[in-house]
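Undergrad: Would you mind keeping the following structure in view while I ask a few things?
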Amino acid sequence: MPSLRQTSHRASRSAPHKIRIIGGRYKRTPIPVLDLPGLRPTPDRVRETLFNWLTHLWEGEFGDKTVLDAFAGTGALGLEAASRGVAQAVLVEADRRAAGALEALRTRLGADNVRVVAGDVLGTLRREPGARFDLVMLDPPFGQGLLERVTPLVLQALTDKGILYIEAEGSIAPPDGTELLRQDRAGAVYFHLFRLLPRTT
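Position 139 (the sequence shown) corresponds to 141 in this note's numbering; numbering is contiguous.
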């Protein structure tokens, strides 16, 4: 989900006041959507498609996976991963109020596999250079060049054959060192799944 500080371009429609987790142990749990300008949770259809892709690619095995939701917003993407039993889902969100709401929901769910980080994803990864993830999910604010800034660093944080998920305002080419696995579109949002190619030594 987008960071909430810079989202006026995302306000294509009014955000619902609540959305729900669509699968896993927390299925049907409501997620509050704060009344903040431009906040647009990833639609149910997109989340369902993404996790169908992941279930196929991982053969239904989520329990050994670590996940980074780099622009968490409502936390819909990261919480879907946690609901399906990943070992850890790290939700990074720059807006303090949104991060506080994520922490409150994590506590209410008793989701020990969720870690909420209030801050910028670039700073977070630079503070934790050894962090590695099997899946990184990027849904940054559109039109601000954030993908170009963030993608090189998150690629370094992927495990071997790690997966990168990107939502964008248009179709994008595979980042250097990756291959496109899946791509689809829902309204004005294009979403992609890339896999890291073997690193050269």
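Note that CB positions come from ideal geometry on N, CA and C, so glycine has one too.
The structure presented is a predicted model; accordingly, all values stated were derived computationally and were not measured.
1) Just the C-alpha distance for Ile168 and Asn115, rounded to the nearest angstrom, thanks.
2) For Phe135, I'd like the list of residues in its chain whose CB is within less than 7 Å of its CB, leaving aside the five on either flank, ordered along the chain.
3) Quick check: the Cα distance between Pro143 and Gly179, rounded to an integer number of angstroms?
4) Taking 8 Å as the threshold (C-beta atoms), are Glu171 and Ala188 in contact?
5) For Pro45, name the three-state secondary structure that DSSP assigns.
6) Are the beta-carbon atoms of Ala83 and Leu104 separated by less than 8 Å?
7) Tell me the DSSP bridge mates of Tyr167?
8) On a Cα-Cα basis, can you pick out the residue from Thr202, Arg128, Leu140 and Pro200 that is closest to Ile174?
9) Do Val123 and Leu93 have their C-beta atoms closer together than 8 Å?
10) Taking the CB atoms as reference points, tell me whether Leu81 and Ile23 lie closer together than 8 Å.
11) Under three-state DSSP, which class holds Thr9?
12) Less than 7 Å between C-beta atoms, sequence neighbours within five positions excluded: which residues of the same chain meet that for Glu61?
TA: Reading it off the structure:
1) Per the coordinates, the alpha-carbon of Ile168 lies some 23 Å from the alpha-carbon of Asn115.
2) Closer than 7 Å at the Cβ level, and outside the excluded window around Phe135, lie Thr68, Val69, Leu70, Ala159, Leu160, Thr161 and Gly164.
3) 24 Å
4) no
5) coil
6) no
7) Bridge partners of Tyr167: Met139 and Leu195.
8) Leu140
9) no
10) yes
11) Caution is warranted here: a pLDDT of 37 is assigned to Thr9, below 50, making its placement in the model unreliable, and the coordinate value is therefore given only provisionally. Of the three classes helix, strand and coil, the one that applies to Thr9 here is coil, per DSSP.
12) none
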